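Note sheet for the following structure.
Number of protein chains: 2
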Amino acid sequence: MNPNVFDDPRITAVGLLFEVHAGLSARFAAQLDEHGLSTVEFEVLTRLARSPGNQLRMTDLAAQTSLSTSGVTRVVDRMERDGLITRRACPTDRRSSFAVVTPTGLSRLDETVPGHLQLIEEWFTGQLDPPALAATLDGLRRVRDAVNPCATAGSGGRTEDQAEAC
Amino acid sequence: MNPNVFDDPRITAVGLLFEVHAGLSARFAAQLDEHGLSTVEFEVLTRLARSPGNQLRMTDLAAQTSLSTSGVTRVVDRMERDGLITRRACPTDRRSSFAVVTPTGLSRLDETVPGHLQLIEEWFTGQLDPPALAATLDGLRRVRDAVNPCATAGSGGRTEDQAEAC
DNA sequence: CAGCAACTATATCCTCGACAATATTCCCCG
DNA sequence: CGGGGAATATTGTCGAGGATATAGTTGCTG
Numbered sequence: 005m006n007p008n009v010f011d012d013p014r015i016t017a018v019g020l021l022f023e024v025h026a027g028l029s030a031r032f033a034a035q036l037d038e039h040g041l042s043t044v045e046f047e048v049l050t051r052l053a054r055s056p057g058n059q060l061r062m063t064d065l066a067a068q069t070s071l072s073t074s075g076v077t078r079v080v081d082r083m084e085r086d087g088l089i090t091r092r093a094c095p096t097d098r099r100s101s102f103a104v105v106t107p108t109g110l111s112r113l114d115e116t117v118p119g120h121l122q123l124i125e126e127w128f129t130g131q132l133d134p135p136a137l138a139a140t141l142d143g144l145r146r147v148r149d150a151v152n153p154c155a156t157a158g159s160g161g162r163t164e165d166q167a168e169a170c
Numbered sequence: 005m006n007p008n009v010f011d012d013p014r015i016t017a018v019g020l021l022f023e024v025h026a027g028l029s030a031r032f033a034a035q036l037d038e039h040g041l042s043t044v045e046f047e048v049l050t051r052l053a054r055s056p057g058n059q060l061r062m063t064d065l066a067a068q069t070s071l072s073t074s075g076v077t078r079v080v081d082r083m084e085r086d087g088l089i090t091r092r093a094c095p096t097d098r099r100s101s102f103a104v105v106t107p108t109g110l111s112r113l114d115e116t117v118p119g120h121l122q123l124i125e126e127w128f129t130g131q132l133d134p135p136a137l138a139a140t141l142d143g144l145r146r147v148r149d150a151v152n153p154c155a156t157a158g159s160g161g162r163t164e165d166q167a168e169a170c
């Protein structure tokens, strides 16, 4: 650690990125908490709600979130107990089961999303004028495409659900 | 969730940012793991090593990481057991104790940092040509300054340690 | 200088989530 | 058609870490 490695521009770059992530995450979590949702619960709810039929197989849900399959089992347990989602047996494969959003879950999402969007606007996208925002997002997109090859859905892909193929 | 809220550009913007964070975090964690360090352990080590005397009070260490004070107690326990850091009593305040990096900890850091820097270069900074990188970092910096006011150390500040004053 | 509020580290309890093991079901291939 | 390997969800077990309570210390203030 002799020469000041910590002033290396690469270190400061990731530091920047991670600070932004931490700051936004904290603010989002606070707002979600007002609606009785944790971060992962919100993510599960949105992933299901944006899927056809408001449902997803447990495995696919795990693939779309940052959770393991057992983690998905656990969070779905909690949310089923809270009435936000339900399990439905898969008719074609008796090993699988679907997690499907209940009307309660959908309305909870409806309550939550507007404030969430407002928060994004307030602390992220609204902080930059359009060209600067576009430039920033372009940079992030290129890094994302490198680091997360599965998510290259941008153009030419099919619906957008092939992300679950990763 | 009637109109496709999920195509809202604000949603995709945070999605992008969070995917980048997740992707980089995973790669970093894998490399750190090769050196027997977890993410938080690496952060603790770097925070201490960049501080005067290679030491920090437990409270300040907690403030500089994303850990609670009890979390810091825990991780310092582990790392002390592994010989990476040591506790030293504070001479002026008998409530406080310092966590100080051992020579073992420093050399572990020396082993780890080069690969870490290489990874940053490979997956983040090296993915963009200099102007695009600068633009991206500028955008991130502005968002960071908004979302994390403490970290406005950039210019005019004193050393850089006033970050701990937050 | 006595007492009280704030601060510091730690201990205790609890939730969350990963990993490995398990049971069930599916599918392919001989 | 039958058996073995892959896929799927769940459960047991464990470590990580937050919230709160606790004990010791400091410093201010009447």
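Here the protein sequences line up with chains U and E, keeping their order. Residues are numbered in my numbering as their position in the first sequence, beginning at 1, plus a constant of 4. Residues are numbered in my numbering as their position in the second sequence, beginning at 1, plus a constant of 4. Ideal placement from N, C-alpha and C gives every residue a C-beta, glycine not left out. These numbers come from a predicted model, not from an experiment.
Neighbourhood of residue i by C-beta distance below 8 Å, restricted to the same chain and skipping five residues each side
i, result
"E/Thr73", "Met62, Thr63 and Ala66"
"E/Leu88", "Glu45, Leu49, Val105, Thr106, Thr108, Gly109 and Arg112"
"E/Val151", "none"
"U/Asn58", "Leu52, Val104, Val105 and Leu110"
9 Å Cβ cutoff met for residue i and residue j
i, j, result
"U/Leu21", "E/Phe32", "no"
"U/Leu60", "U/Ala103", "yes"
"U/Gly130", "U/Gln35", "no"
"E/Ala26", "U/Ser42", "no"
"U/Pro78", "E/Leu121", "Note that residue 78 of chain U corresponds to Arg in the displayed sequence, not to Pro. Cβ atoms of U/Arg78 and E/Leu121: not closer than 9 Å."
"U/Leu28", "E/Val80", "no"
"E/Val82", "U/Glu23", "Note that residue 82 of chain E is Arg in the sequence shown, not Val. Going by C-beta atoms, E/Arg82 is not nearer than 9 Å to U/Glu23."
Assigned exposure category for residue i - 16 Cβ within 10 Å defines buried
i, result
"U/Gln68", "buried"
"E/Asn8", "exposed"
"E/Glu38", "exposed"
"U/Gly199", "This structure gives no information on residue 199 of chain U, because the portion of chain U shown stretches from 5 to 170."
"E/Cys170", "For E/Cys170, the predicted model reports a pLDDT of 49, less than 50, meaning its position is unreliable; a value from the coordinates is still stated below. Classification for E/Cys170: exposed."
"U/Glu115", "exposed"
"U/Asp11", "exposed"
"E/Arg99", "exposed"
Cβ-based neighbour list, residue i, same chain, cut-off 6 Å, excluding 5 preceding and 5 following
i, result
"U/Arg85", "none"
"E/Ser55", "none"
"E/Val76", "Met62, Leu65 and Ala66"
Neighbourhood of residue i by C-beta distance below 7 Å, restricted to the same chain and skipping five residues each side
i, result
"E/Ala93", "Ser101"
"E/Ala53", "Val105, Leu110 and Leu113"
"U/Leu132", "Thr140"
"E/Glu47", "Thr69"
"E/Thr90", "Glu84, Val104 and Thr106"
"U/Gly161", "Because the pLDDT of U/Gly161 is 35, which lies under 50, any placement of that residue in the model is unreliable, and the number read from its coordinates should be weighed accordingly. Nothing listed; no residue qualifies."
"E/Arg51", "Leu60, Leu65, Gln68 and Thr69"
"E/Leu123", "Arg31, Phe32 and Gln35"
"U/Ser159", "With a pLDDT of 47 at U/Ser159, under the threshold of 50, the modelled position of that residue is not reliable, and no figure is offered here."
Beta-ladder partner(s) of residue i, from DSSP
i, result
"U/Arg85", "Paired residue(s): none; U/Arg85 is not in a bridge."
"U/Arg61", "U/Phe102"
"U/Ala93", "U/Ser101"
With a cut-off of 8 Å, do at least 3 Cβ pairs link the stretch 137 to 151 of chain E to the stretch 139 to 146 of chain U?
The stretch 137 to 151 of chain E vs the stretch 139 to 146 of chain U: in contact.
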